[in-house]
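Below is one structure; the comments refer to it alone.
Protein chains: 2
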Amino acid sequence: MRSARKTAPEAESAADEIAGPPAPMTTTRAALLVEGSDRVFREALRDLMTMASQLQELRAGLARQLGVSEPEYRVFLAVAQLQGARGVSISAVARNLGVSGAFVTMIVQRLVRVGKVQKTPSRVDRRGVLLTLTARGRAAINAFARYPQTVNDELFRDIDEKEFRLLADIVRRVVAGGERAILLRRLDQVGQPDRKARSTA
Amino acid sequence: MRSARKTAPEAESAADEIAGPPAPMTTTRAALLVEGSDRVFREALRDLMTMASQLQELRAGLARQLGVSEPEYRVFLAVAQLQGARGVSISAVARNLGVSGAFVTMIVQRLVRVGKVQKTPSRVDRRGVLLTLTARGRAAINAFARYPQTVNDELFRDIDEKEFRLLADIVRRVVAGGERAILLRRLDQVGQPDRKARSTA
DNA sequence: CAAAATAGCTAACTAGCTTCGCTAATTTGT
DNA sequence: ACAAATTAGCGAAGCTAGTTAGCTATTTTG
């Protein structure tokens with residue numbers, strides 16, 4: 001993602017600010033409306049999305065610093081975090097990241113090739129494989145630690161403790177709302193005469 | 202995106218909860234640490250990411266409801282929102298969405314093919330084109346309006362007005378922090394003697 | 001009025017991730 | 001004990017979202 005808007009707020013030409021058709025509300029909850037308009041709400045939603053892509057971009061930057069692609073970075077961190085004392089399986093990493101096992105397999109191959117991660121066949125299940133960081137991987141992650149720190153510190157520079165806790169709390173509740181909303185959506189869908197029907201089981 | 206984590210919090214096997222190596226802090230700001238640990242901070246960051254992908258998933262669901270792909274949906278809404286009285290140019294939509302003009306061109310072609318959007322050559326600039334919703338497009342968006350509403354209402358069901366305003370405010374500041382952080386990162390990069398340059402192409 | 005900039009288009013390509021189909025090992029039902 | 005079903009991992013093929021490069025037609029500008 002290459003920096004969204006530049007600084008050019010010209011949406012039309014430069015002469016008229018015609019509103020066009022009314023455009024329906026995006027929420028009906030009074031608490032989310034400011035002066036009867038959903039404008040602030042839409043902006044907040046957009047900011048949320050912007051923040052999300054910033055976080056992704058920053059993560060991509062950190063990945064580059066470490067010399068790996070973004071998905072490699074995610075898998076690498078997941079292994080670091082989940083390996084415990086014996087190592088972690090491909091499928092556990094896949095579940096943790098919410099991606100397919102086949103994908104983790106591929107990514108891990110690259111990480112092994114560059115010597116950051118190690119695969120040792122599991123002794124208790126000979127189909128399985130246990131992933132651990134190599135010494136080089138651990139060294140990399142330690143040497144690297146200060147970058148996420150500076151990034152995160154800058155990100156939240158203007159947020160004080162009270163705000164942070166509130167943010168954490170609110171976001172947790174919105175995530176819960178998200179789960180509900182997604183579920184609702186699914187149920188709604190089921191009512192429909194089944195379009196696409198395939199896969200997902 | 203096919204449903205991330207299910208509900209299975211099993212990361213390893215089921216027997217041990219070994220901690221593994223210490224894992225470096227992800228922030229140094231005291232305001233972000235709870236009891237000297239960055240655990241809450243990391244969780245908040247993860248929640249933020251989760252929320253982002255929920256929003257995306259919900260948007261994808263709305264898109265399907267409308268019978269278009271996700272990027273088509275985004276372009277469609279952007280046109281609806283920016284068209285004003287005369288229509289909006291391809292490049293304005295591209296800027297608004299933060300994607301390349303070429304991409305918008307393609308997406309718009311599909312939307313034109315399915316009759317939701319209209320291209321009329323601009324009379325004042327014969328290179329340009331003005332995008333507007335067709336009658337069918339407008340009808341679609343109106344018939345459709347209640348879906349985003351129910352989704353958004355459910356999403357923020359537990360958030361009251363005060364919290365909403367604070368959230369909007371905090372997020373705005375974090376976005377500003379994100380811009381700073383990204384900039385910093387860029388500057389840092391320039392200082393370095395260009396590592397790797399090639400790789401992965 | 002020539003040079004540079006701008007709007008849009010097409011084509012070729014990349015990254016990230018999925019599904020499908022396979023093998024080998026494991027678990028389960030009888 | 002052993003056939004049937006399941007699970008772990010792998011490779012290949014394919015999909016989607018997006019990009020860049022290069023082109024043409026037009027407009028703006030020194």
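Keeping their order, the protein sequence lines are chains C and Y.
The first sequence begins at 1 in our numbering and counts up by one.
The second sequence begins at 202 in our numbering and counts up by one.
Just so you know, even glycine gets a beta-carbon here, dropped at the ideal spot from N, CA and C.
C-alpha of C:Val175 to C-alpha of C:Leu45: approximately 14 Å in a straight line. In summary, the residues of the segment 37-55 of chain C whose CB is separated from some CB of chain Y by less than 7 Å are Val40, Ala44, Asp47, Leu48, Met49, Thr50, Met51, Ala52, Gln54, Leu55, in the order they occur in the chain. Around the CB of C:Val124, fewer than 16 other CB atoms lie within 10 Å, so the residue is classed as exposed.
Linking Y:Arg287 to Y:Thr333 through their CA atoms gives a straight-line distance of about 8 Å. Between C:Pro121 and C:Val99, the C-beta spacing is not below 9 Å. Here Y:Gly316 is exposed. Its C-beta has fewer than 16 other C-beta atoms within 10 Å. Just measuring C-alpha positions, the residue of C:Leu155, C:Val93, C:Gln81 sitting nearest C:Gly137 is C:Gln81.
For C:Thr134, the closest alpha carbon among the candidates C:Leu111, C:Leu97, C:Gln149 is that of C:Leu111.
Taken through DSSP and simplified to helix, strand or coil, Y:Ser290 comes out as coil. At least one C-beta of chain C is nearer than 9 Å to the C-beta of Y:Glu258.
Interface criterion not met: the Cβ of Y:Leu312 is under 9 Å from no Cβ in chain C. For C:Met106, there are no neighbours in chain Y by C-beta distance under 8 Å, as the nearest C-beta there is about 13 Å away. Boundaries of the beta strand (DSSP E) harbouring C:Val117: 117-121, taken from the DSSP string. In terms of CA proximity to C:Val79, C:Leu130 leads the group C:Leu130, C:Arg157, C:Glu43, C:Asp47. With a threshold of 16 other beta carbon atoms within 10 Å, C:Arg29 meets it and is buried. Put simply, of Y:Ala303, Y:Arg347, Y:Leu267, Y:Leu367 the residue whose alpha carbon is nearest the alpha carbon of C:Phe41 is Y:Leu367. DSSP lists C:Val88, C:Lys119 as the bridge partner or partners of C:Leu131. Here C:Asn96 is buried. Its C-beta has 16 or more other C-beta atoms within 10 Å.
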